[in-house]
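Scroll down for the structure; my scribbles are underneath it.
Protein chains in written order, with my numbering: chain A, 30 to 315; chain B, 30 to 315.
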């Protein structure tokens, strides 16, 4: 059985796009599809998370259209990215999947669920928010400062994005960065400027203020687990609370002294909580 | 081994009070001390919760001073109730305990932790809030209506307090009420009017608006798990979010379509989540 480090990058065609993906773990009913954050590739996932899940279920990482090794362009809307993700899942001939989305991957995950409800069994939304969420149109001041700064080493960006300034959180961040370098061969090239710009355009549209902005969440009837860190300054933590309060069937978990990358700070606990949610016949019965 | 139904009511003296209590479950390092809600006795706990915990740890239920079979008066402050609870725990010669508080029991639990930090290993706060929490001075309009109404059967009060109006939640409520009647012998007498009045006085003081009201939470350094239902109208759900955001070392879990009594609606999931939190050497590592 392959794992995060050894799973070969494979390709599948759909919608005129050649999607790069990796698939590993214990085969079962509904694989767990991972949707990545802004400027992220398959190699930005934490092996402690992906391999943690892979012991009990099949895990599928992919680059959405226009990201890293996948062909095509990044659409300038999350509706477009969701449609591409659905095409990818259908190209793998999967009838039903569990969907995990992190940060803007959580926006794609919401769009997948809205556009193809029968394809999605359960939903996990991490470090993300609703349409017209708090400071999601312009980005937060902290986030704009963090993404606008220059760094001696690129890793320093991710330490600030995903972890709080506390010693404990930063130490967890350094451990994460080691894990995330464990795969040495067949790594994804970084996302290019054009792709990042399209993602930014889509974020501004998603975040734009609207009347009755959160009503659409009533249409996401899947059992949903919303997760965030206590101090997410990229997509404010209150947006996770708003998601939980407006989704008809959602549970919220917030972790202490943690930021946007709470799943990378507490990988074992995150995998355990999500596994309790995904594994039970009734998601609200342990 | 005894359980929720069969554990005999015992007594211990401290502070001039004769405390009624029940103790059962698997003996270990830190027993879990249960602090009850407004007008509640030992018999208001859900056996699915208490016996769920008892499989892995020792559980101690008690009536605080002036409540049901315990002698003395209910103090008119939570500081006073906390001091009495500490006297009770010390009278049992326990060096360290885990403390669970539900509703106003969560206010007592906070006071125990503030007054005797070395006595408390970990803290579980369910359906509760901080000093000067949202609508905690006057009570919520919904809560005042629910507690002020008259009911054909007393159980109808608890169905409205602890569960949402949804069919699913009400059905869970009726199951809870059956479980809560399973103990037929040696049940606690109901709380009297004088005790309820003192509890109300204490609630008004706790809830009163203050400057820097939430600063005191920084002194609760114990790992804390905050839990609530998505739609608590007795102590608004946002108060659980405020607790998590202001406690230095806290995790939040909010359950879907549930109210004040989320632990009675999802007893298995609640026991599982709290057990993950209490059992790990590091509470944030599964």
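Glycine residues also receive a C-beta, built at the ideal position from the N, C-alpha and C atoms.
Asked: First through last residue of the beta strand (DSSP E) which encompasses residue 306 of chain A; Found: Careful: residue 306 of chain A lies outside any beta strand (DSSP E), inside the alpha helix (DSSP H) at 296-308.
Asked: Selection of the region 247-271 of chain A by Cβ proximity to chain B, strictly under 7 Å; Found: 259 and 270
Asked: Counted within 10 angstroms of its Cβ, other Cβ atoms place residue 211 of chain B as buried (16 or more) or exposed; Found: exposed
Asked: Interface flag, residue 316 of chain B vs chain A, CB-CB below 8 Å; Found: Look at the range of chain B in this structure, 30 to 315, and you will see that residue 316 of chain B is not part of it.
Asked: Residues that residue 152 of chain B bridges to, as DSSP identifies them; Found: B/128 and B/253
Asked: Any C-beta of chain A under 8 Å from that of residue 301 of chain B; Found: yes
Asked: Cβ-based neighbour list, residue 60 of chain B, same chain, cut-off 6 Å, excluding 5 preceding and 5 following; Found: 87, 89 and 126
Asked: Length at least 3, wholly inside the region 38-107 of chain A: the beta strand (DSSP E) runs in chain order; Found: 39-43, 46-54, 61-64 and 87-91
Asked: Proximal residues of chain A, C-beta to C-beta of residue 200 of chain B below 7 Å; Found: Under the 7 Å cutoff, chain A gives no residues; its nearest Cβ is about 13 Å from residue 200 of chain B.
Asked: Positions along the region 85-106 of chain A whose CB lies within less than 8 Å of some CB in chain B; Found: none
Asked: Cross-chain neighbours of residue 279 of chain B in chain A, by beta carbon under 7 Å; Found: 285
Asked: 8 Å CB neighbourhood of residue 297 of chain A in its chain, flanking five on each side removed; Found: 77 and 81
Asked: Range of the contiguous alpha helix (DSSP H) that encloses residue 232 of chain B; Found: 222-236
Asked: Straight-line gap, residue 44 of chain B to residue 111 of chain B (C-alpha atoms, nearest Å); Found: 12 Å
Asked: Where the beta strand (DSSP E) through residue 284 of chain A begins and ends; Found: 279-284
Asked: Through-space distance from residue 66 of chain A to residue 159 of chain B, alpha-carbon basis; Found: 35 Å
Asked: Residue 258 of chain A in three-state terms, based on DSSP; Found: strand
Asked: contact_flag[the region 273-291 of chain B, the region 283-293 of chain A] where n(CB pairs < 8 Å) is 3 or more; Found: yes
Asked: Distance between residue 251 of chain A and residue 378 of chain B (C-alpha atoms, nearest Å); Found: Because chain B spans 30 through 315 in this model, residue 378 of chain B falls outside it and cannot be assessed.
Asked: Within-8 Å CB hit, residue 188 of chain B to chain A; Found: no
Asked: For residue 293 of chain A, three-class secondary structure by DSSP; Found: helix
Asked: Validate contact between the region 167-183 of chain B and the region 263-278 of chain B using beta carbons, cut 8 Å, 3 pairs; Found: yes
Asked: Three-way DSSP call (helix, strand, coil) for residue 245 of chain A in this model; Found: helix
Asked: First and last residue of the uninterrupted alpha helix (DSSP H) at residue 204 of chain A; Found: 196-208
Asked: Endpoints, alpha helix (DSSP H) assigned at residue 184 of chain A; Found: 183-191
Asked: Whether residue 315 of chain A touches residue 300 of chain A by CB criterion (8 Å); Found: no
Asked: CB of residue 47 of chain A within 8 Å of CB of residue 39 of chain A, strictly; Found: no
Asked: Contact belief for residue 165 of chain A with residue 258 of chain A at Cβ below 8 Å, rounded distance in angstroms; Found: 16 Å between Cβ atoms; not a contact.
Asked: Sub-8 Å separation of residue 143 of chain A and residue 128 of chain A beta-carbons; Found: no
Asked: 8 Å Cβ cutoff met for residue 130 of chain B and residue 64 of chain B; Found: yes
Asked: Test item: CB-CB of residue 104 of chain A and residue 231 of chain A under 8 Å; Found: yes
Asked: Interface partners of residue 245 of chain A on chain B, CB under 8 Å; Found: Going along chain B, no residue has its Cβ under 8 Å from residue 245 of chain A, so there is no contact; the nearest lies around 18 Å.
Asked: Within chain B, the residues that residue 273 of chain A reaches when beta carbons sit closer than 7 Å; Found: 259 and 283
Asked: Buried versus exposed, by CB contacts within 10 Å (16 or more), residue 54 of chain B; Found: buried
Asked: Where the alpha helix (DSSP H) through residue 175 of chain B begins and ends; Found: 170-177
Asked: Alpha carbon of residue 68 of chain B to alpha carbon of residue 180 of chain B, nearest angstrom; Found: 16 Å
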